[in-house]
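> The numbering of the sequence shown is the working numbering, which starts it at 435 and goes up by one. Even for Gly, the Cβ is constructed at its ideal location relative to N, Cα and C.
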Amino acid sequence: MLKVIDVDFVSGHTLALTFNDGYQGHADLSVYFTKAPFSEVKDFKRFSLTADGSLNWSGKELSAATLRDITKGSQTPSVELSFNVQEMEAVIKQASWESMMEGRPDILQAAIRAYVEQFGHSQVIAKAGIKSRTSAYRSLKPETAPNFGTLVQLGHAVIELAKDQLSVSKLPHR
């Protein structure tokens, strides 16, 4: 299923989007935000990334498929997304900063959720050493107030998993 896994505000009504299949690009949503129901949105920057990989503005949602249709960009290999540890760290740091500056934990939650989905919930939860699967799932669910401690554990786990996979891929083949 196609999902948006990373999103950044560019300017105006333009967003930089990354999809779970490796497609990346810019989507100009101006056309949508000049008509109802999106014309009612007061702050374009206040969106959330849903569990199904769509974007939501206070109940007004654009699916990943719709966003993909209007995104102008290019395909990048999925492996590149999985193994760029420095980029993962930078995204999580930036999301943490934006979460604190805007008082919106959902920003950090969405960034970490995207990486958790790349590795799989079970693997990340095990790596994080989280005893309660329910707590981990709840912390990643868009409509909940996440536990910051759990988000930190999950963020650390995805970075460690990426490092582990990178070091395995660098081993000489026999």
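Please list the terminal residues of the continuous beta strand (DSSP E) segment that includes ASP540.
Counting along the chain, ASP540 falls outside any beta strand (DSSP E), though it belongs to the alpha helix (DSSP H) covering 539-553.
> Which same chain residues end up closer than 6 angstroms to LEU595 when comparing Cβ atoms and leaving out the 5 residues on each side of it in sequence?
So the list reads PHE553 and LYS561, once near-sequence residues are dropped.
> Under the three-state reduction of DSSP, which class applies to GLY563: helix, strand or coil?
GLY563 falls in the coil class under three-state DSSP.
> Let me know if ALA544 comes out buried or exposed under the rule of 16 or more other beta-carbons within 10 Å of its beta-carbon.
ALA544 comes out buried.
> Here's the rule I'm using: 16 or more other beta-carbon atoms within 10 Å means buried, otherwise exposed. How should TRP491 be labelled?
It is buried - the Cβ of TRP491 has at least 16 other Cβ atoms within 10 Å.
> Looking only at its own chain, which residues have a Cβ that is under 7 angstroms from the Cβ of THR510, when we skip the five neighbours before and after it?
Here the set comprises GLY456 and GLN458.
> Using the Cβ count rule (16 or more neighbours within 10 Å means buried), how would you classify ASP503?
Answer is exposed; the Cβ neighbour count stays below 16.
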